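Peer 1: Submitted below is the structure of interest, expressed as C-alpha cells.
In the numbering used here, the protein residues as written are 913 to 1163.
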C-alpha cells in the first residue's frame, strides 16, 4: 500500500517540486493550493502519469476558520479514494515572502506572515493530527534567513524561527505516536517566491550565488528530492532536527 503525503502550497515552485519528488518515490500525494487551481491540477496529472494517485484540494493556510471544513473534506477524500481514514506524511510548505525593513513593516504585513507561516502551521497540524497515522512524518519549512541577518526579512525570518522551535516541541509531544518532525531550511531558491527576486533579478541572484559555497542560488529540484528522502524509511531516525539545504549559503 502506497504512503499518502499532503503537501501544502504545491501548485508552484518548491511545493510543486516536493510533491512530484515524493511521487517519484512511489507515494500518493494530496496537494493543496490557494488560488492556482489549474496549476495544481496540472501537477496532479503529472503525478498520475507516474502511476500514483493524486488529488488537489483548495486551502488558505492563513485562514484558521477554514481548517475544520478542510479536515472534514480530507477525511471524505481519504475514504473515497484510498479507503483509509489516515494519511502518512505532512509537509507544511505553503507560504509567501514580504520584504520590508523593520521601520517600514506594516501590521498587516506582519499579521499575514504570522498567520500563514506560524499560526497556520500550528493549527493546521493540530487539526490534522487525528488523521495522521502513527509512525508518520511531519516536515515544516523554514528558511536559511533564520541563521543570518539580511535587512528586509526581519518579520519573515522571525516567524520561520518560531516554526523551528515549534518543530522541536511537535517532535517531543508526538514521539509517543512515533511521528518524527523535522524542519527543512532552504537557502535562496529560484522560484516566484517573494516576487521572483532570486529567479528574475540577476543582481539579487548574484548576491546569493556569491555567498554560497557551491557558487549558485538554489533550484526547486535541489530541495524537493531532499524532502522526499527525509520522509522515507531511510531517515526514520532523524527527528527534531533543523536541516539546512542551501549549498553552503553564508559560510
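Every residue, glycine too, gets a C-beta built ideally from N, C-alpha and C.
Here the structure is a predicted model, which means the values were calculated and not measured.
(1) What residues match up with residue 1065 in a beta bridge as DSSP calls it?
(2) Residues in its own chain within less than 8 Å of residue 1097 by CB, not counting five upstream and five downstream?
(3) Taking all protein chains shown into account, do 16 or more other C-beta atoms lie within 10 angstroms of the C-beta of residue 1126, making it buried, or fewer, making it exposed?
(4) Which residue marks the beginning of the beta strand (DSSP E) containing residue 1037, and which one marks its end?
(5) Report all residues from its chain with a CB closer than 8 Å to the CB of residue 925; omit the five preceding and five following residues, and keep chain order.
(6) Can you check which of these residues, 972, 941, 950 and 982, is closest to residue 962 by C-alpha distance?
(7) Rounding to the nearest angstrom, what Cα-Cα distance links residue 944 and residue 1140 in this structure?
(8) Would you check if the distance between the CB atom of residue 1024 and the CB atom of residue 974 is smaller than 8 Å?
(9) So, with DSSP's three-state summary, where would you put residue 1052?
(10) Answer yes or no: do residue 979 and residue 1030 have a C-beta to C-beta separation smaller than 8 Å?
(11) Under the three-state reduction of DSSP, which class applies to residue 1019: helix, strand or coil?
(12) May I ask you to report which of helix, strand or coil DSSP gives residue 1012?
(13) Looking at the unbroken alpha helix (DSSP H) that takes in residue 982, where does it start and where does it end?
(14) Tell me which same chain residues have a C-beta within less than 6 Å of the C-beta of residue 1007, skipping the five on either side of it?
(15) Who pairs with residue 1029 in a beta bridge, going by DSSP?
(16) Going straight from the alpha carbon of residue 1112 to that of residue 1122, what length do you get?
(17) Using a Cβ-Cβ cut-off of 6 Å (strictly less than) and excluding sequence neighbours within five positions of residue 1047, which residues of its own chain qualify?
(18) List in chain order: all unbroken alpha helix (DSSP H) runs of 4+ residues lying wholly within the region 1063-1110.
Peer 2: On the basis of the data shown:
(1) As a working note, residue 1065 is residue 153 in the chain shown. Beta-bridge partners of residue 1065 (DSSP): none assigned.
(2) Counted from its first residue, the chain shown places residue 1097 at position 185. Cβ neighbours of residue 1097 beyond the five flanking positions: 1053, 1054, 1055, 1056, 1058, 1059, 1072, 1076, 1154, 1155, 1156, 1157 and 1158.
(3) By 1-based counting over the chain shown, the position of residue 1126 is 214. In the assembly as shown, residue 1126 is an exposed residue. Its beta-carbon has fewer than 16 other beta-carbons within 10 Å.
(4) In the chain shown, residue 1037 corresponds to position 125, counting from 1. Segment 1032-1040 is the alpha helix (DSSP H) holding residue 1037; no beta strand (DSSP E) there.
(5) On the chain shown, position 13 is the one that residue 925 refers to. For residue 925, where only same-chain residues beyond five positions count, the Cβ hits under 8 Å are 1101, 1103, 1104, 1105 and 1132.
(6) Within the chain shown, the letter at position 50 stands for residue 962. Comparing Cα positions, the closest option is 941.
(7) Position 32 of the chain shown, counted from the start, is the residue given in the question as residue 944. Position 228 of the chain shown, counted from the start, is the residue given in the question as residue 1140. Taken atom to atom, the span from the alpha-carbon of residue 944 to that of residue 1140 is near 17 Å.
(8) Position 112 of the chain shown holds residue 1024. Position 62 of the chain shown holds residue 974. Yes. Within cutoff.
(9) Stepping through the chain shown from its first residue, residue 1052 is reached at position 140. It is a strand residue.
(10) Locating residue 979 in the chain shown gives position 67, where the first residue counts as 1. Locating residue 1030 in the chain shown gives position 118, where the first residue counts as 1. Taking a C-beta distance under 8 Å as the contact criterion, residue 979 and residue 1030 do not qualify as a contact pair.
(11) Residue mapping note: residue 1019 aligns to position 107 of the chain shown, counting from 1. When secondary structure is reduced to three states using DSSP, residue 1019 falls in the helix class.
(12) Translated into positions along the chain shown, residue 1012 becomes position 100. Collapsing the DSSP output to three states places residue 1012 in coil.
(13) The residue labelled residue 982 in the question sits at position 70 within the chain shown. That run of the alpha helix (DSSP H) goes 979-989.
(14) One-based indexing of the chain shown puts residue 1007 at position 95. Excluding residues within five positions, the ones whose Cβ falls inside 6 Å are 1028 and 1029.
(15) As a first step, residue 1029 must be located in the chain shown, where it is residue number 117. Per DSSP, residue 1029 has no beta-bridge partner at all.
(16) Sequence index remark: in the chain shown, residue 1112 carries index 200 (1-based). Sequence index remark: in the chain shown, residue 1122 carries index 210 (1-based). Cα to Cα, the separation comes out at about 16 Å.
(17) Translated into positions along the chain shown, residue 1047 becomes position 135. By the criterion of a C-beta distance shorter than 6 Å, residue 1047 is surrounded in its chain by 1090, once the five residues flanking it on both sides are discounted.
(18) Here the runs fully enclosed are 1066-1086.
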